[in-house]
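Take a look at the structure below.
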Amino acid sequence: MRSTAVMDPFTIFGLAKTLLSAGPTLIKTVGGMFGDSASETAVRMANKIEQIDKSIAPFEVKQKHVVNELNKLSPQELERMGKVQVELAKIEAEREARQLEHEETIFESGQQTIRAGDKSSHWFVALTRPLLALISACSASYYVISNPKPDMVIAGFLIGLAATYMGSRYKEKTMGIAS
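Using full-length UniProt numbering, read the sequence shown as starting at 1 and increasing by one per residue.
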């Protein structure tokens with residue numbers, strides 16, 4: 001009996017993508033969490049994925065090979081691999097959440113630095129960021145107006161500081177946290 005009776009092709013395709021993305025080591029580790037039979041199935045699939053992954057083929061071709069290997073599994077083995085897929089998805093979600101949390105922390109520390117500079121009692125520190133934004137806006141305007149064929153990449157680069165400063169200031173004001 002073919003395994004497609006248990007899982008539809010889209011589910012198998014998604015399972016193949018998840019397994020390829022996770023890699024053999026993580027598959028073996030997660031497979032070991034579900035007992036001996038699941039561990040054996042996970043180790044066999046991880047070894048096959050390791051062989052497939054060594055090829056220089058594009059991801060889509062590798063994914064088709066993994067789908068073919070998954071179609072050879074029994075319904076019970078496919079069910080075990082489905083459990084492994086769920087756990088791998090949880091691990092990936094946790095990884096993405098930690099990455100997002102890290103990016104938010106970096107952004108927040110940058111915003112705190114900006115606010116601290118704006119609240120500085122030293123006049124030079126307090127005026128530096130607004131003056132940089134003004135110079136940025138003026139230089140971008142001059143470049144676009146005076147150049148017959150301005151390059152928008154250069155114009156974007158020149159206006160970047162001003163846009164960042166004005167955007168963050170506007171957002172802070174709407175949130176009521178601007179100084």
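Virtual Cβ for every residue (Gly too), placed ideally from N, Cα, C. The structure presented is a predicted model; accordingly, all values stated were derived computationally and were not measured.
Cβ distance (whole Å) where residue i is taken to contact residue j below 8 Å
| i | j | result |
| --- | --- | --- |
| A16 | V67 | 5 Å |
| L19 | I27 | 6 Å |
| M81 | M45 | 6 Å |
CB of residue i within 7 Å of CB of residue j, strictly
| i | j | result |
| --- | --- | --- |
| L88 | V30 | yes |
| E50 | P24 | yes |
| V84 | A42 | yes |
| A155 | A140 | yes |
| K62 | I52 | yes |
| S120 | L161 | no |
| R129 | G117 | yes |
| K48 | E69 | yes |
Nonlocal neighbours in the same chain, by C-beta distance under 6 Å from residue i, ignoring five residues either side
| i | result |
| --- | --- |
| E79 | none |
| P148 | none |
| S7 | Here residue 7 is Met; the residue named in the question, Ser, does not match the sequence. Cβ neighbours of M7 beyond the five flanking positions: L78. |
Sequence-distant residues of the same chain with beta carbon closer than 8 Å to residue i, five excluded per side
| i | result |
| --- | --- |
| R2 | Its pLDDT being 44, under 50, R2 is placed unreliably by the model, and nothing is read from it. |
| A5 | Residue confidence is low: A5 scores 48 on pLDDT, short of 50, so the model does not pin down where it sits. Its coordinate-derived value is still stated next. If we look at A5 and ignore the five residues flanking it on each side, its Cβ neighbours are P75. |
| residue 180 | A question about residue 180 goes unanswered here, because the residues of the chain that appear run from 1 up to 179. |
- Item | Length at least 4, wholly inside the region 18-75: the alpha helix (DSSP H) runs in chain order | If only uninterrupted alpha helix (DSSP H) runs of at least 4 residues are considered, those enclosed by the region 18-75 are 24-31, 36-53 and 59-71.
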